[in-house]
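Trainee: In my numbering, the protein residues as written are 42 to 272. Before we start, here is the structure in question, set down as structure tokens.
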């Protein structure tokens, strides 16, 4: 599961890292990215030029009647993504990378601070990022949806994040984690000519051990109104 993440890299630095064209709009820093927020994603056009574009987080399938379904499709399970109607077309033809500075999860803790009832189980937010501090290149899918609500046709672009089973670092807090692609797999995942479901599925595995670290952060992150930074 990935329901909140950290985005503190500029559009220019993301474009440089992925050797891609910059988006028209820099979204600025967001220490608490939540579903339906605008996010950066890297994709490859049919002419094999990489671009960074802004997408709404929460995939709206091409067949959707309205955009509300997107808020429920922020994640796609890597094990079934090739079969699910909401994702299978994008899996074959519209893959992307969602750059993250880190992502949040919540672990069970015990409240011993004196606030409320001592010993009461609470959820403590934690930030997971790379040990070396570099960006996480998270596998994603995108979609272009024709909004039928207006008199003129407007295209809404949205994306989802792929998940897989947890590695040893993540297992204490959750049984799922985002699919993190290492640099040597970026080109394969983004390749606009690659449509082999079995070949693509081989990339949807947990991150290697020693790649990630975890630390507790302020409960302020629990509210989407708070944009941080959190310590």
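C-beta: ideal position from N, C-alpha, C; glycine also.
#1: Who pairs with residue 202 in a beta bridge, going by DSSP?
#2: Taking the alpha-carbon of residue 213 as reference, which of 188, 264, 148 has the nearest alpha-carbon?
#3: Of all the options 271, 203, 195, which has the alpha carbon lying nearest to the alpha carbon of residue 177?
#4: Helix, strand or coil for residue 95, going by three-state DSSP, please let me know.
#5: Alpha carbon to alpha carbon, what distance is there between residue 63 and residue 256?
#6: Kindly indicate which three-state DSSP category residue 149 falls into: helix, strand or coil?
#7: Would you mind working out which of 240, 228, 190 sits nearest residue 86, comparing C-alpha positions?
#8: How far does the alpha helix (DSSP H) with residue 132 in it extend, from its first residue to its last?
#9: In the DSSP output, which residue or residues are listed as bridge partners for residue 211?
#10: By Cβ distance, which residues of its chain are closer than 8 Å to residue 216, with the 5 residues on each side in sequence left out?
Mentor: So, from the listed chains and residues:
#1: 116, 181
#2: 148
#3: 203
#4: strand
#5: 32 Å
#6: strand
#7: 228
#8: 129 to 134
#9: BP columns for residue 211 are empty, so no partner.
#10: 206, 207
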